[in-house]
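A.B. asks: This is the structure, below, for whatever I ask next.
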């Protein structure tokens, strides 16, 4: 059985170092703790958002590929909130509807699609539809990246804030030693310990933020590629069905 004192010693050391820190060091630690709260909030929020969007994208893509017409889901008024592929699909179909004149009623729309004399859009109009699709892809990419700047700031800024607190604390500690005229380890250790805790705090904020930021960037990059591929697939399907020869 592991003795209880092995768990209490690290906490006691941290508490002692914090109490020995000078006011500038405690201010830096307070700022770093605020950074940490925001960073962890962004982490949990983005993890949930990415996981949910990835799941909904997979389900929507499967449903899209099972339909006979690229317009079927739109005429059925299918809505998938929080799905980036749906937003791309919905924006493209809305723009095409303005040119094609497809009615919102599913029965009428299906009848129009089945009609051999159905109106077809020009290539220029189809280019406008593609432009809307591409713009929506960019908008969804920016939406997925929201909040990452907070993690990037924590990764790059937290260690420097911690270093600032440490340098300031060491400077104050040596100043006190000079005033007292006593350079013994007993006199120096408390001030140095209080100074170093700011660097430790900065690293504790930066390291989790770095791992989370890298994972999120990798995931968002993959989802952006998925959105680009779907946009090309959607544009091709709509052009094949509704564009003039």
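Residue numbers (this note's numbering): 5 to 249. Ideal Cβ placement from N, Cα and C applies to all residues, glycine included.
In the structure shown, what three-state DSSP assignment does residue 247 receive?
C.D. replies: If DSSP states are grouped into helix, strand and coil, residue 247 belongs with the strands.
A.B. asks: Measure how close the beta-carbons of residue 173 and residue 198 come, nearest whole angstrom, since I'm counting them as under 8 Å.
C.D. replies: At roughly 6 Å, the Cβ-Cβ gap stays under 8 Å, so residue 173 and residue 198 are in contact.
A.B. asks: From the DSSP secondary-structure annotation, give me the bridge partner or partners of residue 125.
C.D. replies: Beta-bridge pairing links residue 125 to 247.
A.B. asks: By DSSP, does residue 72 sit in helix, in strand, or in coil?
C.D. replies: Three-state result, residue 72: coil.
A.B. asks: Give the secondary structure of residue 86 by DSSP, where H, G and I count as helix, E and B as strand, and everything else as coil.
C.D. replies: DSSP places residue 86 in coil when its eight states are reduced to three.
A.B. asks: By Cβ distance, which residues of its chain are closer than 7 Å to residue 214, with the 5 residues on each side in sequence left out?
C.D. replies: Hits under 7 Å: 159.
A.B. asks: At what residues does the alpha helix (DSSP H) containing residue 184 begin and finish?
C.D. replies: Where residue 184 is concerned, the enclosing alpha helix (DSSP H) stretches over 152 to 184.
A.B. asks: May I ask you to verify whether the stretch 46 to 55 touches the stretch 68 to 81, counting CB pairs closer than 8 Å and requiring at least 3?
C.D. replies: Contact fails: fewer than three Cβ-Cβ distances are below 8 Å.
A.B. asks: State the DSSP-derived secondary structure class of residue 26, mapped to helix, strand or coil.
C.D. replies: Residue state, collapsed to three classes: coil.
A.B. asks: Quick one: measure Cβ to Cβ for residue 60 and residue 84, integer angstroms, because I've assumed they're closer than 8 Å.
C.D. replies: Contact holds; Cβ gap of about 6 Å.
A.B. asks: With distances taken between CB atoms, is the gap from residue 141 to residue 235 smaller than 8 Å?
C.D. replies: Contact: yes.
A.B. asks: Can you give me the C-alpha to C-alpha distance between residue 9 and residue 63, rounded to a whole angstrom?
C.D. replies: Because the pLDDT at residue 9 is just 41, under 50, the model does not fix this residue reliably, and the value given afterwards should be weighed accordingly. Near 52 Å, if we compare the C-alpha coordinates of residue 63 and residue 9.
A.B. asks: Please state whether the Cβ-Cβ distance between residue 39 and residue 171 is less than 8 Å.
C.D. replies: No; because the gap between Cβ atoms is not below 8 Å, this pair is not in contact.
A.B. asks: Nearest-angstrom Cα distance between residue 157 and residue 133?
C.D. replies: Between residue 157 and residue 133, the C-alpha separation is close to 38 Å.
A.B. asks: Under a three-way DSSP split, which group does residue 80 fall into?
C.D. replies: If DSSP states are grouped into helix, strand and coil, residue 80 belongs with coil.
A.B. asks: On a CA-only basis, which of 135, 67 and 68 is nearest residue 100? Give me that one, please.
C.D. replies: Here the closest residue by C-alpha is 135.
A.B. asks: Around the C-beta of residue 164, are 16 or more other C-beta atoms found within 10 angstroms, so that it is buried, or is it exposed?
C.D. replies: It counts as exposed.
A.B. asks: Below 8 Å on the Cβ atoms is my guess for residue 231 versus residue 89; work out the distance and round it to an integer in Å.
C.D. replies: Between residue 89 and residue 231 the Cβ distance is about 7 Å, and since that is below 8 Å, they are a contact.
A.B. asks: Give the straight-line distance between the Cα atoms of residue 93 and residue 67, rounded to the nearest whole angstrom.
C.D. replies: Going by the C-alpha atoms only, they are around 12 Å apart.
A.B. asks: Determine the closest residue to residue 91 out of 130, 144, 129 and 124, with distance taken between C-alpha atoms.
C.D. replies: Selected option, being the one with the closest Cα: 144.
A.B. asks: May I have the straight-line CA-CA distance separating residue 203 from residue 154, to the nearest angstrom?
C.D. replies: So the two alpha carbons sit approximately 19 Å from each other.
A.B. asks: Suppose you measure from the CA of residue 69 to the CA of residue 238; what does that come to, to the nearest Å?
C.D. replies: Cα to Cα, residue 69 sits roughly 10 Å from residue 238.
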